[in-house]
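Respectively, the protein sequence lines represent chains A and B. The numbering used here puts the first sequence at residues 1 to 314. The numbering used here puts the second sequence at residues 315 to 628. Yeah, the Cβ is synthetic: ideal placement off N, Cα and C, and Gly gets one too.
Number of protein chains: 2
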Amino acid sequence: MDETDELLSIRAAELYYEENKTQDEIGQALRLTRWKVGRLLAQAKQRGFIRIEILHPRARRLPIERRLREERGLADAIVVSSAGVAGPEELQARTAQAAADYLTALRPVPRTLGVSWGRTLYEISQHLRNGWATGVNVVQINGGVSLNRRPGTAAATAVGIAQKGGGQATLLPSPAILERLETKQAIESDRVVAGVIELARSADAYLFSAGAADESSVHVESGYLSVSDVELLVAKGAVGDVVGRYLDSDGNIVDPALDARTVGLTLDELREAPLAIAVIAGQAKHPVADAVVRSGLCTVLVTDEATALHLLDG
Amino acid sequence: MDETDELLSIRAAELYYEENKTQDEIGQALRLTRWKVGRLLAQAKQRGFIRIEILHPRARRLPIERRLREERGLADAIVVSSAGVAGPEELQARTAQAAADYLTALRPVPRTLGVSWGRTLYEISQHLRNGWATGVNVVQINGGVSLNRRPGTAAATAVGIAQKGGGQATLLPSPAILERLETKQAIESDRVVAGVIELARSADAYLFSAGAADESSVHVESGYLSVSDVELLVAKGAVGDVVGRYLDSDGNIVDPALDARTVGLTLDELREAPLAIAVIAGQAKHPVADAVVRSGLCTVLVTDEATALHLLDG
DNA sequence: AGTCCACCTGCTCATCTGAGCAGAAGGAGC
DNA sequence: GCTCCTTCTGCTCAGATGAGCAGGTGGACT
């Protein structure tokens with residue numbers, strides 16, 4: 001395509017997309033046949049001169065979703081558009097909304113849904129509508145009750161999802177991380193706790209997010225880890241955590257001793273799940289999102305456009 | 315349009331614009347008739363959910379051009395797209411290119427073209443192609459030869475435009491602004507200078523830019539004015555200059571005494587021209603662009619999208 | 001110069017799409 | 001409960017568009 005044709009294709013595109021002229025009219029204006037105009041427009045599209053964006057908080061990026069499914073082996077992918085996004089909070093909100101939509105549309109409806117907790121999960125619970133399902137029971141898959149600064153967030157998440165879904169919530173009454181291995185083993189052998197974990201193992205589907213390995217981690221906020229603990233983990237290669245377990249970029253546990261003191265489903269148990277929905281959004285979580293997808297921790301990913309493109313780049 | 319329809323229209327738009335499905339296929343996917351899909355897409359467009367951009371340095375914004383013609387009474391307007399622009403230099407380059415394109419396509423071809431000088435005009439001369447016209451003579455319409463730091467820029471501009479257009483350049487051998495009124499009157503009564511100005515008055519068309527009233531002004535750079543001179547002009551209401559003459563936001567001369575010492579066509583002479591092409595780009599020139607258009611200094615405006623929108627806002 | 005080949009052009013035809021219309025549905029007011 | 005009015009729905013039909021094809025054009029190579 002020479003320079004003249006390139007310019008013509010731009011002129012044609014202006015008349016077609018901005019002035020709503022027909023290809024025939026454009027042909028008359030530019031002294032071309034309407035077939036030539038059609039070809040110029042096709043070339044303009046194909047060469048990427050034409051960008052069509054859907055500007056809406058609920059807009060998704062289907063081509064990127066397809067690439068994630070095909071190139072990253074996911075069973076499903078939901079990618080929300082970043083077009084016209086105001087800030088990181090809105091990105092987070094859009095992604096949580098999309099996750100709520102996905103859950104609502106999910107078929108078959110899971111009888112039991114295993115959930116983690118955290119800012120993202122809480123926001124998903126807020127975006128779910130009353131009656132999003134009928135009779136979905138919810139079970140927590142990792143510990144964390146009550147140490148949180150905003151007490152009850154973890155519980156409110158699970159209970160909220162369950163209530164709006166017309167089911168019961170089963171909480172895991174345990175800290176996320178114990179200080180001593182013996183305490184962790186003791187609490188796991190507690191009849192109630194063991195029962196909850198057993199229920200969690202039998203869930204039909206899991207819904208969880210991932211945390212970045214930095215000082216903003218919920219584990220730091222909740223007091224389970226200190227900033228220097230996290231720095232140590234990062235030094236060992238940690239990119240973030242899933243259900244409280246810190247992993248490196250290959251999805252391996254970074255600190256087996258710490259992991260052994262962490263209550264809840266293990267990463268390998270998650271990997272065996274037939275339906276594991278990860279909801280991860282934001283620049284800060286790009287590395288951990290990568291690790292989650294690469295190591296097969298989820299079968300379904302709900303994320304934002306920038307994160308999705310990051311995953312596809314590598 | 316309720317929330318459900320809004321969401322459906324977004325889903326439909328995704329399938330239509332990103333997946334290239336037909337409205338009929340979308341109808342099947344979303345369990346709607348194809349007419350409903352068509353209406354949803356029309357509403358999505360109409361409500362502004364669909365943004366179509368033409369990403370190309372030569373892309374123009376025809377709807378904005380139309381508004382400028384209709385709402386600002388211009389005979390013609392050329393607005394280059396700001397989409398995907400890298401920086402102010404590229405905006406300037408795009409606008410200069412558009413001005414060169416406009417000149418090249420101009421019919422009837424002017425026998426004599428009056429030009430000012432400056433960074434913008436120089437860039438236009440660079441973008442013109444050899445043989446853009448056959449036999450267009452060029453005449454400078456304001457003084458400024460030789461005091462410029464990059465000597466010859468003013469002359470190179472006029473000569474370049476003329477040579478590439480197969481014609482002769484007539485330079486105005488005079489400073490832009492004289493220190494004393496008497497000197498200005500003396501130089502204007504010089505036979506050669508008077509002849510050039512007479513020729514300039516008889517030009518078929520004028521091509522000029524405008525300068526912002528700040529320290530970056532070519533008059534400061536050229537030594538005609540000091541920074542404090544410009545500050546004084548700004549204090550008196552100056553928003554910029556056209557052919558070396560400083561005007562306020564209403565297009566009135568700010569400093570009549572200074573104006574009387576300025577050599578070349580007057581603003582009122584420009585206003586009477588049947589074809590006066592102003593080329594103005596960049597954030598810094600928004601106020602002076604406004605003054606130029608409001609006070610009828612040009613019949614044709616070549617500018618960038620942001621500047622055009624600024625003109626239409628007010 | 002002749003031949004071949006790739007590309008381009010203008011066409012036919014099938015499909016897609018938007019305008020306009022008649023009837024149905026859903027509310028508001030009586 | 002009934003009527004009227006607005007809005008919505010599914011349709012016809014004509015215009016717009018894209019796929020595919022035959023013929024033509026121009027350049028490269030022999």
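| Query | Result |
| --- | --- |
| Which residues, taken in chain order from the stretch 129-140 of chain A, show a beta carbon closer than 7 Å to some beta carbon of chain B? | none |
| Could you list which residues in chain A have their beta carbon closer than 9 Å to that of Ile392 (chain B), in chain order? | Going along chain A, no residue has its Cβ under 9 Å from Ile392 (chain B), so there is no contact; the nearest lies around 12 Å. |
| Would you kindly work out how many angstroms separate the C-alpha atoms of Val351 (chain B) and Gly296 (chain A), rounded to a whole number? | 37 Å |
| Compare the C-beta of Arg372 (chain B) against all C-beta atoms of chain A and say whether one is closer than 8 Å. | yes |
| Do Ala200 (chain A) and Leu265 (chain A) have their CB atoms nearer than 8 Å? | yes |
| What residues in its chain sit with their C-beta under 6 Å from that of Pro287 (chain A), if we drop five residues either side in the sequence? | Val239 |
| On the DSSP letters alone, give me the boundaries of the alpha helix (DSSP H) that Arg51 (chain A) sits inside. | Element bounds for Arg51 (chain A): not the alpha helix (DSSP H) but the beta strand (DSSP E), Ile50 to Ile54. |
| Once DSSP output is grouped into helix, strand and coil, what is the label at Leu461 (chain B)? | The predicted model places Leu461 (chain B) with a pLDDT of 48, which falls under 50 and marks its position as unreliable, so this point remains unresolved. |
| Please return the same chain residues whose Cβ sits closer than 6 Å to the Cβ of Ala133 (chain A), not counting the five positions on each side in sequence. | Val109 and Gly165 |
| Taking only beta-carbon positions, decide if Leu461 (chain B) is within less than 8 Å of chain A. | Low local confidence applies: a pLDDT of 48 at Leu461 (chain B) is under 50, so the model's placement there is unreliable, with the coordinate-based value given in what follows. No - not a single Cβ of chain A is within 8 Å of the one on Leu461 (chain B). |
| Pull the bridge partners of Leu207 (chain A) from the DSSP assignment, please. | A:Val115 and A:Ile277 |
| Start and end of the beta strand (DSSP E) containing Gly240 (chain A)? | Ala238 to Val242 |
| Does the ligand HEM have even one heavy atom less than 7 Å from the beta-carbon of Ser488 (chain B)? | This structure lacks the ligand HEM, and indeed carries no ligand of any kind. |
| When the cut-off is 8 Å and only beta carbons count, does Ile124 (chain A) lie next to chain B? | no |
| According to DSSP, simplified to helix, strand and coil, what is Arg608 (chain B)? | helix |
| Beta carbon of Gly525 (chain B), beta carbon of Asp555 (chain B): below 8 Å? | yes |
| If you measure between the beta carbons of Gly237 (chain A) and Val254 (chain A), is that distance less than 8 Å? | yes |
| Take the Cβ of Asp415 (chain B) as the centre, count every other Cβ of all protein chains shown within 10 Å, and call the residue buried at 16 or more, exposed below. | buried |
| Are Thr303 (chain A) and Thr95 (chain A) close, meaning C-beta to C-beta below 8 Å? | yes |
| I'd like to confirm the pairing. Which residues does DSSP put opposite Tyr246 (chain A) in its beta bridges? | A:Asp241 |
| Could you compute how far the alpha carbon of Leu147 (chain A) sits from the alpha carbon of Ile141 (chain A)? | Note that Leu147 (chain A) scores a pLDDT of 48, beneath 50, so its modelled location is shaky; the value from the coordinates is reported in the next line. Distance between the alpha carbons of Leu147 (chain A) and Ile141 (chain A): 16 Å. |
| Could you check if Gly48 (chain A) is buried or exposed, using at least 16 other CB atoms within 10 Å of its CB as the buried criterion? | exposed |
| Taking the C-alpha atoms as reference points, what is the distance between Ser216 (chain A) and Leu321 (chain B)? | 34 Å |
| Got a sec: is the Cβ-Cβ distance from Glu619 (chain B) to anything in chain A below 8 Å? | no |
| Along chain B, which residues have their Cβ under 7 Å away from the Cβ of Leu7 (chain A)? | Arg372 |
| Are the CB atoms of Gly432 (chain B) and Val541 (chain B) nearer to each other than 8 Å? | no |
| Are Val593 (chain B) and Ser523 (chain B) touching if we call contact CB-CB under 8 Å? | yes |
| Under a three-way DSSP split, which group does Asp569 (chain B) fall into? | coil |
| By alpha-carbon positions, which one of B:Gln357, B:Glu339 and B:Gln342 ends up nearest to Thr318 (chain B)? | B:Gln357 |
| Closer than 8 Å, CB to CB, is Ile324 (chain B) near chain A or not? | yes |
| How big is the Cα-Cα spacing for Asp604 (chain B) and Gly387 (chain B)? | 13 Å |
| Since Tyr538 (chain B) contacts Ala490 (chain B) with CB under 8 Å, what's their CB separation in whole angstroms? | 5 Å |
| For Gln23 (chain A), count the other beta carbons within 10 Å of its own beta carbon; 16 or more makes it buried, fewer makes it exposed. Which is it? | buried |
| Using only the alpha-carbon positions, how far apart do Pro487 (chain B) and Glu379 (chain B) sit? | 37 Å |
| Going along the chain, which residues of the stretch 12-35 of chain A sit with their C-beta nearer than 9 Å to a C-beta in chain B? | Ala13, Glu14, Leu15, Tyr17, Glu18 and Glu19 |
| If you drop the 5 nearest sequence neighbours on each side, which residues of the same chain put their C-beta closer than 6 Å to that of Leu178 (chain A)? | Lys184 and Arg261 |
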